[in-house]
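Protein chains in written order, with the working numbering: chain A, 12 to 124; chain B, 12 to 124; chain C, 12 to 124. Note that beta-carbon positions come from the ideal geometry of N, C-alpha and C, so glycine has one too. Bear in mind that the values here come from a model prediction, so they are computed numbers and not experimental data. Have a look at the structure below before the remarks.
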Amino acid sequence: MNELTLHPMKEIRVVVAGEHRVFVTELLDKMNATGYTIIGNVAGKGHHGLHEAHFMFSEQESLVMIMTVVPEEKVEPILAGLRPLFSRHSGVMFVADVAVSRRDYFGKTPARP
Amino acid sequence: MNELTLHPMKEIRVVVAGEHRVFVTELLDKMNATGYTIIGNVAGKGHHGLHEAHFMFSEQESLVMIMTVVPEEKVEPILAGLRPLFSRHSGVMFVADVAVSRRDYFGKTPARP
Amino acid sequence: MNELTLHPMKEIRVVVAGEHRVFVTELLDKMNATGYTIIGNVAGKGHHGLHEAHFMFSEQESLVMIMTVVPEEKVEPILAGLRPLFSRHSGVMFVADVAVSRRDYFGKTPARP
């Protein structure tokens with residue numbers, strides 16, 4: 012395997028109140044999202060909108076950002092798994108394209124001789 | 012609305028000295044960038060270049076990273092609004108593609124029946 | 012130069028144990044990756060896989076995320092430079108597309124009249 016080859020994957024970032032961190036990481040574990048990085052103690056200001064009453068962060072509440080990288084086919088199950096959390100609590104989720112050099116870290120078995 | 016549909020948006024990340032955090036968040040508020048996440052106490056090493064004297068971070072100065080997600084049409088006004096800050100102070104700004112599941116959080120009114 | 016023009020670049024994020032931060036930043040300095048942002052004290056859970064014994068983070072070990080933005084041609088040399096670190100220690104690296112407004116900060120000399 013050439014370690015310098017980059018493989019396209021999806022990065023998911025979730026920002027939630029610290030008390031919901033375990034909900035997210037347990038979901039990721041269950042989905043075999045095999046690794047994640049957590050940035051603690053971030054601040055957030057609300058995402059106002061139609062759902063203002065339910066979904067807004069209180070200003071400057073302590074939040075965590077949880078980042079994971081997964082193959083594209085895992086994005087939809089993870090979104091579905093987060094839905095119960097986001098239907099009742101503040102939180103945002105972003106999905107972005109990212110490339111990784113070691114695909115086997117992220118839930119895809121590389122072809123090997 | 013299908014909450015699992017992903018909508019393309021733009022993510023803006025700004026890294027500035029902590030003292031300029033309010034300049035950025037007030038700009039985002041004014042632009043109706045309806046939410047942002049702030050990672051405090053990050054370290055940065057300078058972006059040397061033609062403007063070295065003016066724009067370089069002093070090594071390891073305490074900085075903040077401010078992240079927001081906006082519809083594409085807000086990127087240019089936000090860049091323009093940051094220009095007075097960046098013309099006198101250290102700072103960098105990145106724009107990236109990102110997808111979100113709840114577009115109404117980020118300044119776009121979703122079509123609703 | 013129009014400061015509002017966005018130029019495509021590559022963002023590299025590296026997550027490693029705190030003790031390897033200097034290895035990465037010295038590499039970036041050597042590669043003339045002229046700036047970087049460091050988020051300290053992040054937590055990570057392992058990237059299990061074929062290399063489990065060697066490459067897994069111990070759960071919740073204190074890590075750093077080092078972010079830099081470079082022209083595309085620097086991605087491969089930086090990956091190659093990280094290889095000795097990743098062959099012996101835990102760590103992950105992501106590459107993503109990003110746009111910047113001031114290309115001269117990131118190792119590309121802008122055309123100037």
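> Are the CB atoms of Val106(A) and Val109(B) nearer to each other than 8 Å?
Replying inline: yes
> For Ala44(B), which residues in chain C fall below 9 Å Cβ to Cβ?
Replying inline: Correct list: empty, because the minimum Cβ distance to chain C is about 17 Å.
>> In this structure, how does DSSP classify Met67(A) when only helix, strand and coil are distinguished?
In response: Confidence at Met67(A) is low in this model, with a pLDDT of 42, below 50, so the placement of that residue should be treated as unreliable; the coordinate-derived value is given next. Here Met67(A) sits in coil by DSSP.
>> Using only the alpha-carbon positions, how far apart do His65(C) and Val103(C) sit?
In response: With a pLDDT of only 32 at His65(C), under 50, the local geometry of the prediction cannot be trusted, and the value read off the model is given with reservation. Whole-angstrom Cα-Cα distance: 13 Å.
>> If you reduce the DSSP assignment to three classes, tell me which class Val106(C) lands in.
In response: strand
> Taking Lys21(C) as the reference, which of Ser112(C), Val111(C), His100(C), Val80(C) has the closest Cα?
Replying inline: Val80(C)
>> Between the alpha carbons of Val27(C) and Asn52(C), how many angstroms are there, rounded?
In response: 11 Å
> Which chain C residues sit within Cβ distance under 8 Å of Val109(A)?
Replying inline: Phe105, Val106, Ala107
>> Please classify Val111(B) as buried or exposed, where buried requires at least 16 neighbouring CB atoms within 10 angstroms.
In response: buried
> Quick one: is Ile49(A) near chain C, going by C-beta distance under 8 Å?
Replying inline: yes
> DSSP state of Leu74(A), grouped into three classes?
Replying inline: strand
>> For the beta strand (DSSP E) containing Pro19(A), name the first residue and the last one.
In response: 18–28
> Terminal residues of the continuous beta strand (DSSP E) containing Lys56(C)?
Replying inline: 47–56
> Ser101(B) to Arg32(B), Cα distance in whole Å?
Replying inline: 12 Å
> List, in order along the chain, the chain A residues whose C-beta lies closer than 7 Å to that of Ala28(C)?
Replying inline: Those do not exist, as Ala28(C) stays about 12 Å from chain A at its closest Cβ, beyond 7 Å.
> When you compare each of Ile50(C), Pro19(C), Ile23(C) to Leu90(C) by their alpha carbons, which one comes out closest?
Replying inline: Ile23(C)
> Hey, does Val80(B) have any beta-carbon neighbour from chain A nearer than 8 Å?
Replying inline: yes
>> Using only the alpha-carbon positions, how far apart do Gly92(B) and Lys41(A) sit?
In response: 43 Å
> For the ligand NAD, is there a heavy atom less than 7 Å away from the beta-carbon of Ser73(B)?
Replying inline: The ligand NAD is not among the ligands present in this structure, which contains no ligands whatsoever.
> Is there a Cβ from chain B that is less than 8 Å from the Cβ of Ala56(A)?
Replying inline: Contrary to the premise, residue 56(A) reads as Lys rather than Ala in this sequence. Closer than 8 Å to some Cβ of chain B, the Cβ of Lys56(A) qualifies, so yes.
>> Looking at the strands, I want to know which residues DSSP matches up with Thr79(C).
In response: Ile23(C), Tyr47(C)
>> Suppose contacts are defined by Cβ-Cβ distances below 8 Å. Is Ile50(B) in contact with Ile50(A) by that definition?
In response: yes
> Is the shortest distance between the beta-carbon of Val53(B) and the beta-carbons of chain C less than 8 Å?
Replying inline: yes
>> Taking 8 Å as the threshold (C-beta atoms), are Leu38(B) and Tyr47(B) in contact?
In response: no
> Taking the alpha helix (DSSP H) that Arg94(C) falls in, what are its first and last residues?
Replying inline: 86–99
> Using a Cβ-Cβ cut-off of 6 Å (strictly less than) and excluding sequence neighbours within five positions of Val25(C), which residues of its own chain qualify?
Replying inline: Val35, Ile77, Met104
>> Judging by CA-CA distance, which residue of Pro88(C), Ala54(C), Glu87(C) is the nearest neighbour of Ser73(C)?
In response: Ala54(C)
> In whole angstroms, what separates the C-alpha of Lys85(B) from that of Thr45(B)?
Replying inline: 11 Å
> Quick one: Cα of Pro88(C) to Cα of Pro82(C), how far?
Replying inline: 11 Å
> What separation, rounded to the nearest whole angstrom, lies between the Cα atoms of Phe97(C) and Ser98(B)?
Replying inline: 39 Å
>> In whole angstroms, give me the CA-to-CA distance for Glu30(C) and Pro95(C).
In response: 15 Å
> Residues in its own chain within less than 8 Å of Thr16(C) by CB, not counting five upstream and five downstream?
Replying inline: Ser112
> Cβ of His31(A) less than 8 Å from any chain B Cβ?
Replying inline: no
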